[in-house]
Structures are given as C-alpha cells and as structure tokens.
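Enquirer: Each step along the sequence shown adds one to the number in numbering that gives the first Met the number 0, with nothing skipped, and position 368 is 367. Sharing a structure below in structure tokens format, with a few things to ask.
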Amino acid sequence: MQSSVTLSLYQPAAASTIPKSNYTVNHSLPFSPSKPINLRFCGLRREAFSGFSSLSRSQPLQSKIHSNKINSAISASLSDNGSAPKSFDYDLVIIGAGVGGHGAALHAVEKGLKTAIIEGDVIGGTCVNRGCVPSKALLAVSGRMRELQNEHHMKALGLQVAAAGYDRQGVADHANNLATKIRNNLTNSMKALGVDILTGVGSIMGPHKVRYGKLDSPGNIVTAKDIIIATGSVPFVPKGIEVDGKTVITSDHALKLESVPDWIAIVGSGYIGLEFSDVYTALGSEVTFIEALDQLMPGFDPEIGKLAQRVLINPRKIDYHTGVFATKITPAKNGKPVTIELIDAKTKEPKDTLEVDAALIATGRAPFTDGLGLDSVHVERKRGFVPVDERMRVLDFKGDPVPHLYCIGDANGKMMLAHAASAQGISVIEQITGRDHVLNHLSIPAACFTHPEISMVGLTEPQAREKAEKEGFEVSVSKTSFKANTKALAENEGEGLAKLIYRPDNGEILGVHIFGLHAADLIHEASNAIALGTRIQDIKFAVHAHPTLSEVIDELFKSAKLKRASSNFNLLTVLILWGRLKLMLQAQ
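Below, the structure written as structure tokens:
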C-alpha cells in the first residue's frame, strides 16, 4: 500500500520542499530516523535525517491516537489495486523502459501507484540490449578463452588442454540470446505486476501531460500526477569521425560481433574501451588505444590504474598513444584501410596517421534527451543533460524544481551507470509516496569487468586528499594483496590489490578500490558500509568465511590504523564523572 506520510524535515526556509500528493499529510515521524528503517534506505544520506528527533517514551497518548487516526485515513483513501486519482489517468508515467525506468516502475507498483511506462524502442534500454548484458556475455567468453590459452596457468593446475578455438557466430549468438532472455524477463515482470506498457516515443506536453506514439503521428495523450524521465543515453561520437557500422563502429555495433579484425584501434581507455580490449585480444586481435589524456584509464585511482596497466595492457598485444586526439577517422573503402589522423591534445599540431583494420569509438556516452518537450515546462538542458537537484527533481531555467517532474539515470548525468539509474528511480518513488529520500552517490559502486576485474566505490586517493585539504582532516591509506589470500592462491590468481582510503581520526571510509579476481563482487561490502555510515572500528569485527576472497576485504579493514582518543580527554571525563558521583553521595 502506498505510504503517504511526509517527513517533517528541519531545513532553512529557502530550501525547497517535496511536492505533496493528493493524499499527503504533514506529520512528525513516530520513529527515530537516526538509522535506516529498512533495506530500501541503503544509500540514504545522513543529512536527510538531520533535524529529526525521535518521540520519547513519555509521548502523550493523545499524540499517538492522532497518529493512528491519520494512518487509518490514509489507508482508507487508497484502493488496493492502485487506482489513480480521478483527475489523472495514472499516478505515475515513466518515459523510458531501461533499467532505471523498470526499477522505478516495480517500486511504484509495490507502493500502490497506478503506473505506465512509455518505450519507443525495446524494453531494457541500453543496458540490456546494447550495453551491460551482452558485453558481459562476450567477456564471459573472453575470460574462458584467456584461461584456456594460458598454458602456464593450466600446467600449474595440473591440466592439459588442446589448442582452444571459437566460433564467432556462436559467441555473438550467446550475447544476443542473453539480451533477449533478460529483455523478456523485464517485460514479463512489469506485465505481471500490472504496469501498462505504452509503445511509442514519449514527450512532455505540459504539467502532468505526456504524449506518446510515432513521431510522424498525432499520438496519444495521457495524464499523470507525477512523471519520471528515464530516456538514457547513446554512444558519443566526436566531430570528424565517420561511423559506418562496419569498420568504424560504436559499442552498439561491437556487441553484435559481426567481425573480429586483425588490428583494431580503440578511441578512449575508459570502462568501455578496456572491456572491449579484453574481448578483442582474447579472440586474437591486436589493439591500439588512442587516449586524449596523458595516461591510460584516467578515471581510475592512479595506483590501481598503474597496476591494471601492468597486468591488462603491457603483457597483451596492445599498444597505445596518449595525449592525442583523433580528429578524423575514415572508414575502410575500396580496399583501403581505416585511416586515423592524430593531433597533439595540447598543441593541436598533427602528430601521426594510423592505418588499421577497424576502429571502435569508446569516447563515452551522450544523453538521449532530444524531442522531450522540456520547453513546455521551461527547462533548459545543459550539454544535453536534464538538470536535476539531489532529489532528482527537474529544475527549470531559474533553478527551481518543476513540480511533479523527475529525471533519473544517464539523462541527468549524475552517475551514468545502470544500477545508479535504478537506485535513483527507487529514491524518486520514495519521495512521491511521501518519504524524503536523498541518494548518496558516493556509496554507489562501479566495476570494469576485465580479467582480472576492477571495482571502486567512493573517492580516489587524489580526490580524498583534495577534500581533506579543504575541510581540514587527515587521510590514511591501507592496502592488502590477493597474494596473501588462500582462495586466490588456490585459483592461481594471486595478482591483485585492495586499497582503503579512510579518516584515521573517526574511521570514516572515504573510498575502496580493488583490482583482482571477482573484484566486482567484492566491492559491495565497502559500498554498503559507506551507504549505512558504518565505521572501520565496527566493520573490522565482521566475520568472513574461510577460505574466501572476501577475506581480502576483511584484512583490508583490519589493517587500518585508527587514532586513539586523547588520553587527556579520557582523564577529564573520568574526573567529571567522579565529581558528579561525589555530589550525589554528599546529597544522600
């Protein structure tokens, strides 16, 4: 059933408040908000709880009775099947049925909202059809190929394996079949829960009003009390690069694996570029990275990046050009190879021309927000992104929240990850149903599924030190190696490092970075600790099964050195308590 009690946040008068639904009432909470109520609140920022005070045990009975009456009235105002208010077709309409829209829709139904989702392409969006899902299928193949090709590794385990090979079409079919399966699962889950799936391109027609249908037709109009934009993103292709989908491709084309070129240039060495370098080199290609910045993997913690380069780049058939822009890329034509013209990133002077069999453009992603009709609600995009505040409320050109309009996922640019979009969607539903929720994006993990994997959550070491310098606290770093882990050694996969960045004065976890076997799975203990505000002095006593890879994280937290409280402070506390005790005895 829908919850419709809003939190009475204490905040400055200038702060904006959450739009109330037709059923929303203001009422102080009958619980202490100093701790998360349930798992839905993992990632809730502590600031959202500031200013609350729990009701004392001596709370007047009249107040408790008043609370029960309000709850009863709220329950009576909602129907069990989640019917929309009479003035709207739906409680909620979501534009975009990717992972973010899907997550929001399911949570909305759970909260009793009559929900519709609009999709002009296919259910699942980029992640399911052209991103996370098919890429992991290809990486699963590359991981097995890499292991079978590692004769030294096989011999160390006592295994004898004949020459490994692969069927390109079979690999491509595996990726496509997985995407189809997950897409069907998402579609069926929404249908089973009663979410209306409306086919067509969606656009805002004004407050509470959405049009959907074909672009060249009048379309249909639906109304909703609240609207969520979740239109995602598309591959970003810089000017001067001609994409033909065959020899010059984006990740959308690469995931179809229509060919495995002998030599492929990858423009960009972020997550997308790294993962495809893993796939192509395992399948026999030579790779050349083209990176505009002075180092590969610029988005990673520098220490982790250096180790990853030593393991993932240097031993493989990969070379690279850093500090250069690809100003022009021409597809292969008439027997001529793909040509790439490079200039110095700083001086802009011509530097080199490459001739390769294919080029993959992995220069990031751009928001897919054209044609959304945002002008009708006075919203101006910034570099294509829809501006939002920390509660994902869309902001108009004055910087004020547009009532009942939200934007989640890649379209707002806060954190372009599928699971971040889903978390933002759930956060919005919490707000719509009357419970303030502010997502802590620093608690959201990220992973690169190379072999070995890379994962991270929170701040990098340079970011943490910059923050410490501004705010006046100390930063410490702790590290552990996979070479000391029994399970990793049993797998003959001891190459890896876990790094903890923290405050030694209070035990706050600022960031965790992992490079090694199953790093993408190991990061979540640190992610949840940051989300829940757990300090090192508490989590270091957690018990981990032996022998498991999780002991890498266990040792990481245990190795952290925290500063003890000042002995003078402790002595002063004892003296004060002793003085109070003497006064009490004298009073008797």
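Glycine is no exception: its CB is placed at the ideal position from the N, C-alpha and C atoms. As the structure is a computational prediction, the values presented were derived from the model and not from experiment.
1. Does Pro402 come out as helix, strand or coil in the three-state DSSP assignment?
2. Can you tell me where the beta strand (DSSP E) with Glu340 in it begins and where it stops?
3. Report the start-end ranges of each alpha helix (DSSP H) in the region 228-276 that is 4 residues or longer and not cut off at the edges.
4. Could you tell me which of Glu490, Lys498, Thr246 and Leu394 sits nearest to Asp553, measuring between CA atoms?
5. Would the beta-carbon of Val194 fall within 8 Å of that of Val108?
6. Determine whether the beta carbon atoms of Ile228 and Val385 lie at a separation below 8 Å.
7. Beta carbon of Thr588, beta carbon of Val236: below 8 Å?
8. Evaluate Gly99 with the Cβ neighbour count: other Cβ atoms within 10 Å of its Cβ, from every protein chain shown; 16 or more gives buried, anything less gives exposed.
9. Quick check: the Cα distance between Lys335 and Thr352, rounded to an integer number of angstroms?
10. Report back the beta-carbon spacing between Ser454 and Pro461 to the nearest angstrom; my notes put them in contact at under 8 Å.
11. Quick test of your reading: Ile360 and Pro349, contact by CB under 8 Å. State the CB separation rounded to the nearest angstrom.
12. Taking DSSP's pairing of strands, which residues face Cys455 in a bridge?
13. Can you give the Cα-Cα distance for Gly591 and Glu429, rounded to whole angstroms?
14. Tell me, please, whether the region 200-208 touches the region 288-296 by the rule of three or more beta-carbon pairs shorter than 8 Å.
15. If you draw a straight line from the alpha carbon of Ile317 to that of Glu285, how long is it in whole angstroms?
16. Go ahead and label Asp277 buried or exposed: buried means 16 or more other beta carbons lie within 10 angstroms of its beta carbon, across all protein chains shown.
17. Where do the N-terminal and C-terminal ends of the alpha helix (DSSP H) with Val140 fall, by residue?
18. Should Asp409 be labelled buried (16 or more other beta-carbon atoms within 10 Å of its own) or exposed?
19. Around the Cβ of Leu416, are there at least 16 other Cβ atoms within 10 angstroms (buried) or fewer (exposed)?
20. Apart from the five residues on each side of it in sequence, which residues of its chain come closer than 6 Å, Cβ to Cβ, to His101?
21. Candidates Ile538, Asp90 and Asp251: which alpha carbon is nearest Leu561's?
22. Val323 to Lys332, Cα distance in whole Å?
23. Determine the burial state of Gly97: buried for a count of at least 16 other Cβ atoms within 10 Å of its Cβ, exposed for fewer.
24. With DSSP collapsed to three states, give me the class of Pro217.
25. Excluding the five sequence neighbours on either side, which residues of its own chain have a C-beta within less than 8 Å of the C-beta of Gly244, listed in chain order?
26. In the DSSP assignment, what are the bridge partners of Gly97?
27. Please tell me whether Val259 and Thr249 are closer than 8 Å, where the distance is taken between their beta carbons.
28. Residue ranges of each beta strand (DSSP E) run of no fewer than 3 residues wholly in the region 467-533, ordered along the chain?
29. Decide if Ala281 is buried, meaning its Cβ has at least 16 other Cβ atoms within 10 Å, or exposed.
30. Just the C-alpha distance for Pro503 and Gly510, rounded to the nearest angstrom, thanks.
31. Out of Lys397, Pro366 and Pro400, point me to the one whose CA is closest to Met414's CA.
32. Would you kindly work out how many angstroms separate the C-alpha atoms of Val310 and Ala446, rounded to a whole number?
33. Please tell me whether Glu290 and Thr321 are closer than 8 Å, where the distance is taken between their beta carbons.
34. Excluding the 5 residues preceding and the 5 following Thr449 in the sequence, name in chain order all residues of the same chain whose CB lies nearer than 7 Å to its CB.
35. Using alpha carbons as the reference points, say which of Gly239, Ala463, Gly283 and Thr479 lies closest to Ile328.
36. Could you check if Phe481 is buried or exposed, using at least 16 other CB atoms within 10 Å of its CB as the buried criterion?
Expert: In terms of the structure at hand:
1. strand
2. Val337 to Asp343
3. 250-253
4. Lys498
5. yes
6. yes
7. Nothing can be reported for residue 588: it is not among the residues displayed for the chain, which extend from 0 to 587.
8. buried
9. 14 Å
10. 18 Å between Cβ atoms; not a contact.
11. Between Pro349 and Ile360 the Cβ distance is about 20 Å, and since that is not below 8 Å, they are no contact.
12. The sequence given here has Met at residue 455, not Cys. BP columns for Met455 point to Ala445 and His512.
13. No statement about residue 591 is possible, as the shown extent of the chain runs from 0 to 587 and does not include it.
14. no
15. 6 Å
16. buried
17. Cys131 to Gln148
18. buried
19. buried
20. Leu185
21. Ile538
22. 25 Å
23. buried
24. coil
25. His252
26. Gly123
27. Not in contact: Val259 and Thr249 (Cβ atoms no closer than 8 Å).
28. 475-480, 496-501 and 508-515
29. buried
30. Those two C-alpha atoms are separated by around 13 Å.
31. Pro366
32. 17 Å
33. yes
34. Leu273, Glu274, Asp277 and Leu311
35. Distances from the CA of Ile328 to each of Gly239, Ala463, Gly283 and Thr479 were compared; the closest alpha carbon is that of Gly239.
36. buried
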